[in-house]
Amino acid sequence: MSCAVLIADANAPFIAYRPVLDARIEQVVVNDEPAVPAMREPGVKASPPAIAPLDRAANRLAAPRLADGLQRPVRGSKLLLTNGVTTVEGSSGGGLARWATIAGRQTGRGVGLSAHVTAIELPDFGWRSYGAALGIGDRIEVTIARADFDTRDAGAALGIGQGYTFNLDTYGAKLRIAGDLVYGAAWLPQIALGIEHKRSRDGALVRALGAADDSGTDITLSATKLLLARSLLANATLRYTRANELGLLGFGSGTADHALQFEGSLGYQLSRRMVVGAEYRTKPDNLGLGEDDWIDLFAAYALTDHLTMTAAYVDLGAVATFSGQRGGFVSAQVAF
């Protein structure tokens, strides 16, 4: 016979995923079966279990555990928002920065799918992108995305034609190589190695603008962790790239090649369904056009378990010599 008493902490701080940790309800467990409630201090109200108890057969499975010993559910989807939203290049992450997250809402025993549409409105330009992602076993991610960049009136000023639209295709893959976003040791983030192959559909034009190639490949290394007890998400990504404006203006130049760039994100979970935060992304200036680093302030909300909307204020600095490119970012993601 085994007997353990778990006592709820009435003074515990608010956290966005408190229902998950509230599985630590005070109760007596005998032979792996809930028995009678334990005595508790007057005025302390125990919360109901957030996760239904597993039967004995399921409980014998080797389920991963939280740092404090709680079991991760054997079946079911990821916690809301822990699959990330969709970046401008189609991978899971934030709006601008790639994360170590894997697309889709399935855990290690399933195959997840997601699709997105994104729009960015700037004073002189407009961005539209759409794509799909496949997540396999919460381990591998494969993505495809298409971006259209409308130059509007700026196209005429640049001498390429009123409303000329640049087109960019991105094919990505990501492999989780260590850690877990939510579970496991708090000091060990989820780490993923990734690749993005990009191809401009405007080869002749981007070469005329000074780019060395109309296609290129980025290598990324991302580390991401959600600290449940603090409702805080942190991400850092290193990107080895030679893309000009993500690849819209080609890749490299006569004198520039690959360089290491940084992408960082901080997010705070206001609730299980909403996160707010900020991102920063550095970019190379291979063409000498004054290409700036990018910043955003974002909010993402899970309208349902499968539909997430993201809105952001973005500051892209100078784009193709046009400065002050600040505006709005809106993205919708459907994930299963």
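One gets the numbering used here by counting positions in the sequence shown from 1 and adding 278 to each. Cβ coordinates follow ideal geometry from the N, Cα and C atoms, glycine included. All of these numbers come straight from a predicted model, not from anything done at the bench.
Could you tell me which residues DSSP puts in a beta bridge with residue i?
| i | result |
| --- | --- |
| PHE403 | Per DSSP, none; premise fails for PHE403. |
| VAL668 | No statement about residue 668 is possible, as the shown extent of the chain runs from 279 to 614 and does not include it. |
| SER500 | ALA470 and THR515 |
| HIS394 | GLY409 and GLN611 |
| GLY371 | VAL363 and ARG376 |
| ARG455 | Looking at the sequence provided, one finds Ile at residue 455 rather than Arg. Bridge partners of ILE455: none, in fact. |
| ALA537 | THR519 |
| LEU594 | DSSP output for LEU594 lists no bridge partner at all. |
| ARG424 | TYR408 and ASP447 |
| ALA589 | ALA577 and VAL608 |
| HIS475 | TYR449 and THR495 |
| GLN384 | SER355 |
I need the straight-line Cα distance from residue i to residue j, nearest angstrom please.
| i | j | result |
| --- | --- | --- |
| SER369 | GLY450 | 7 Å |
| SER478 | LEU524 | 10 Å |
| LEU575 | GLN468 | 23 Å |
| GLY595 | ASP535 | 22 Å |
| VAL554 | ALA577 | 4 Å |
| GLU615 | ALA463 | A query on residue 615 cannot be resolved here, the shown segment of the chain reaching from 279 to 614 and no further. |
| ILE422 | GLN539 | 22 Å |
| TYR412 | VAL420 | Checking the displayed sequence, the identity of residue 412 turns out to be Leu instead of Tyr. Rounded to whole angstroms, LEU412 to VAL420 spans 5 Å at the Cα level. |
| PRO562 | LEU459 | 29 Å |
| GLN440 | LEU585 | 36 Å |
| GLY271 | TYR591 | One cannot answer for residue 271 here, as it falls past the ends of the chain, which runs 279 to 614. |
| GLY602 | PRO401 | 8 Å |
| ARG621 | LEU504 | What is shown of the chain runs 279 to 614, which leaves residue 621 out entirely. |
| ALA537 | LEU506 | 34 Å |
| THR599 | ASN522 | 13 Å |
| MET552 | ASP583 | 12 Å |
| ILE418 | ALA435 | 44 Å |
| LYS356 | ALA589 | 22 Å |
| GLY372 | SER531 | 29 Å |
| ILE455 | ALA410 | 22 Å |
Using 8 Å for Cβ pairs, my map puts residue i next to residue j. What's the rounded Cβ distance?
| i | j | result |
| --- | --- | --- |
| LEU358 | ARG550 | 5 Å |
| GLU557 | LEU374 | 5 Å |
| ALA397 | ARG406 | 6 Å |
| PHE403 | VAL608 | The pair is not a contact, with the Cβ atoms about 15 Å apart (cut-off 8 Å). |
| THR495 | ARG517 | Not really, about 11 Å apart at Cβ, beyond 8 Å. |
| THR448 | LYS476 | 5 Å |
| THR385 | ASP428 | Actually they do not touch by this definition, with Cβ atoms about 39 Å apart. |
| LEU565 | LEU446 | With 8 Å as the limit, LEU565 and LEU446 do not qualify as a contact, their Cβ atoms being about 15 Å apart. |
| ARG376 | SER500 | 6 Å |
| TYR408 | ARG430 | The Cβ separation is near 20 Å, so there is no contact. |
Would the region 358 to 369 and the region 377 to 391 be scored as touching if the rule is three or more Cβ pairs under 8 Å?
-> yes
Report yes or no: do three or more beta-carbon pairs, one from the region 391 to 410 and one from the region 481 to 498, lie closer than 8 Å?
-> no
Stretch-stretch touch, CB-based, cutoff 8 Å, three pairs: the region 505 to 514 with the region 528 to 543 | yes
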